[in-house]
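First residue of the sequence shown: 1202, per the numbering used here; consecutive thereafter. Glycine is no exception: its CB is placed at the ideal position from the N, C-alpha and C atoms. Note that the coordinates shown come from a computational prediction; the quantities given were computed from them, not determined experimentally. Notes for the one structure printed next.
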Amino acid sequence: MKPIDDKPQNKKFKIKKEYLFIVIVFVLVAVLFLSNSLLSKDLFSSSKNKSLDYATTIENKLVNLLSNVDGVGKVKVMVTVDGSASEVVLKEIEEKVENGIKTRTESVVLVGGKPYVLSTENPKINGVCVVCEGADVLGVQVKIIEILTTSLKLDANCVRIIKMK
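This is the structure we're talking about:
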């Protein structure tokens, strides 16, 4: 009767191993999904911050430039951008033909655990609003419009100039 008692105990142990294996696989999959979602949130917030930094940098440059124009006086600038900054990352592409079926896989090349960035594309500038002391003088308005349309490659209808109070 001892051999009969040994088999049920071994069966119970094997069942426990199977459950343990399923739990481990489930935990690994959950960790993978969580890390990917956290990574994508970090990338989104970082690109959003880069867009804000880009707009702020342009605003500061324009304030410095326009404040040196005769007749402008005190000046404040607001730049609106469309979308967010995006990074072009290096990807490794592998194509296979198996049984007449072509498959293509892309994977991001990582360096030090981070994607290798080839370039950064800044967001498109939608418009610029300038508030300045000399906005009531037509000649000053024309100078500001020429500067903004030339330096930012904007249409004149994307520029607004308002007199400062």
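Give a yes or no on whether the C-beta atoms belonging to residue i and residue j are separated by under 9 Å.
i	j	result
ILE1223	ASP1283	no
CYS1330	MET1279	yes
SER1308	GLU1296	no
Whole angstroms is fine: what's the gap from residue i's alpha carbon to residue j's?
i	j	result
PRO1316	ASP1254	21 Å
THR1304	VAL1228	29 Å
LEU1339	VAL1273	11 Å
GLU1293	LEU1355	37 Å
SER1352	ASN1358	15 Å
GLU1347	VAL1264	15 Å
GLY1313	SER1287	20 Å
LYS1366	THR1321	39 Å
THR1350	ILE1259	13 Å
Identify every residue that forms a DSSP beta bridge with residue i.
i	result
GLU1334	Paired residue(s): none; GLU1334 is not in a bridge.
LYS1315	VAL1312
DSSP state of residue i, grouped into three classes?
i	result
LEU1229	helix
VAL1278	strand
LYS1366	coil
LYS1262	helix
I'd like the ranges of any alpha helix (DSSP H) spanning at least 4 consecutive residues and lying wholly in the stretch 1286-1310. If only uninterrupted alpha helix (DSSP H) runs of at least 4 residues are considered, none is enclosed by the stretch 1286-1310.
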